[in-house]
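What follows is a single structure, written as structure tokens, with notes after it.
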Amino acid sequence: MQEAPGGGKPALLFLCHRIPYPPNKGDKIRSFHLLQHLSRHFDIYLASFVDDPQDWPWAVELERYCRAVFLRPLRPWRATLRSLSGLLTGQALSIPYYSDRTLRQWVEQAVLDHDIRHAIVYSSAMAQFLPAQGRDFTRKVIDFVDVDSDKWQQYAAQKPPPMSWVYRREARCLLRLEQELAQRFDAGLFVSSAEAALFHELSPETAHKIGYYNNGVDCDYFDPGLDPARLPDNPFPQDSLPLVFTGAMDYWPNVDAVTWFVRGILPQLRRSHPAVLFYIVGGNPARSVQQLAREPGVTVTGRVEDVRPYLQHALAVVAPMRVARGVQNKVLEGMAMARPVLASSKGLEGIGASHGEQVLLADTAGDYQRLLAEVIEGLHDELGSRARRWVQRAFNWDQNLPEVVLLLGQPSSAPEYVRTQSDD
């Protein structure tokens, strides 16, 4: 890697669609750890949006990792109105959603003032802010995270008209954008080998520079062996059988998952096991999620100070995802806390764990009924410890992130995933 004049670290432009702090939801967990790791090798100039007013006080934390930080407020209702212009221009709606002249001007000036020649773009919508389409950069990498176009296709299958038409259009436009960006960037990365393989099929002409790096889990933080005195008390009623779902509860796939579970799975479970309770743990619960708290045995907590006691004392963690792309951090965190995790096929994508070895695969009401009975009977007592060991091996930030540094710093380097496939 070339050093900056004077022997300092090279300057890096980091474009991110949501402030990467605090790391309290899926995309922010990944972006924060990426930022933290890259700060060891680059002087970072970060430009990002803040779409949650509660995140503004945390902005000062980013100064520990960045040479300069520029944040812009993003009001979702206003951005949604702005995104409708994409229907007229033929763009994916996420492009005008994030359009911002002031952020664009700051980026252009920062690149000029600091002679920035390396860039990392986190999320396809942020590529629009790369000056001159990135032609003057020595090395530029995009972290797509998920194949977003496929996720919108899944949305379309779950929604009635006219939204199904809007989502199907967004899927087509996003795929076209993803393919164009894969052509323009030196390397494109996804959150798992499954995501990278899917994109290889969708964009075979760019397969030679598409790879992935796994998410990680802070297993020192998510540690079931921590002294209980250092954690809040057990949040569940005595003698209950609590099931826990964690995640951002204004995110539609999470809303869909808990709604389906409460309406289609939980009543049958409680008929067989009346002590079963279902806790929905996560910030900004949508109104439809709040209404689920009226159902017998359901608690909606909203944002909590510390999610670990809910995981540590749960009978099991559930992830009944029906729409998903990438890797579910809720599953990894439950596994790291050595709890039995009952997850759908989609909830397990990209994790590579095996049914009965590290996780329990549950797609139907019958699956949940049978597997929950087995958990209660103690038939899966070793599952949690095997799950934690799996996460420690495969989902370690310090092992997974060095490849991003390599791709940013060494021209002509191909993702390890591509090199491995070539060897095969």
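Here the sequence shown stands for residues 1 to 424, numbered as in our numbering. Each residue gets a CB set at the ideal place from its N, CA and C atoms; glycine is no exception.
F14 in three-state terms, based on DSSP: strand
For K330, collect the residues of the same chain with a Cβ closer than 6 angstroms to its Cβ; drop the 5 residues on either side in sequence, then sort them by chain order. T246, G247 and A319
Endpoints, alpha helix (DSSP H) assigned at I95: S94 to Y97
Would you mind stating whether A343 and L361 have Cβ atoms separated by less than 8 angstroms? yes
Is V404 near L198, with beta carbons less than 8 angstroms apart? no
Helix, strand or coil at T80 according to DSSP, with G and I counted as helix: helix
Quick one: using the 10 Å Cβ neighbour count with 16 as the cut-off for buried, is P204 buried or exposed? exposed
Pull up the distance between the alpha-carbon of Q2 and that of K9, whole angstroms please. Its pLDDT being 46, under 50, Q2 is placed unreliably by the model, and the measurement read from it follows with that caveat. Roughly 8 angstroms separates the two Cα atoms.
By DSSP's criteria, R139 is part of a beta bridge. Which residues make up the other side? H118
Coil, strand or helix - L177 by DSSP: helix
Test: E416 CB closer than 8 angstroms to a CB of chain C: In the structure shown, chain C cannot be found, because there is only a single protein chain.
Kindly list the residues whose CB is nearer than 7 angstroms to the CB of S413, restricted to its own chain and excluding five residues on each side of it in sequence; keep chain order. L406 and L407
Run through DSSP, which three-state label would L383 get? helix
Among all the DSSP beta bridges, which residues are the ones paired with A293? A293 is not bridged to any residue.
Should D52 be labelled buried (16 or more other beta-carbon atoms within 10 Å of its own) or exposed? buried
Do you know offhand how far P428's Cα is from D43's? This structure cannot speak to residue 428, because the chain is shown only from 1 to 424.
Taking the alpha helix (DSSP H) that A194 falls in, what are its first and last residues? S193 to L202
Considering only their Cβ atoms, is the gap separating A125 from P242 smaller than 8 angstroms? no
Which residue from R135, S149, M321 and E305 puts its Cα closest to that of P232? E305
Quick check on DSSP: helix, strand or coil for T246? strand
Is the number of C-beta pairs between the stretch 23 to 41 and the stretch 147 to 157 that are closer than 8 angstroms three or more? no
With distance defined between alpha-carbon atoms, name the residue in L35, V50 and L12 nearest to W397. L35
Based on the DSSP output, what are the partners of G302 in its beta bridges? V281
Residues near G356 by beta carbon distance below 7 angstroms, same chain, minus five either side: none
Determine contact between the stretch 74 to 88 and the stretch 114 to 128, defined as no fewer than three beta-carbon pairs at a distance below 8 angstroms. no
Tell me the DSSP bridge mates of S48? C16 and L71
Can you name, in chain order, every residue of its own chain whose Cβ lies under 7 angstroms from the Cβ of F395, other than the five neighbours on each side? N214, N215, G216, V217 and L332
Select from L181, G282 and R172 the residue whose C-alpha is nearest the C-alpha of N24. G282
In the DSSP output, what is I210 paired with across the bridge? G188
Considering L342, what are the terminal residues of the beta strand (DSSP E) in which it resides? V341 to A343
What is the DSSP secondary structure of V147, reduced to helix, strand or coil? coil
If we call anything under 8 angstroms between Cβ atoms a contact, is V317 one with V298? no
L12 and I95 closer than 8 angstroms at C-beta: no
Under the three-state reduction of DSSP, which class applies to V404: helix, strand or coil? helix
A157 and A171 - do their beta-carbons sit closer together than 8 angstroms? no
Does the beta-carbon distance from E180 to F144 come in below 8 angstroms? no
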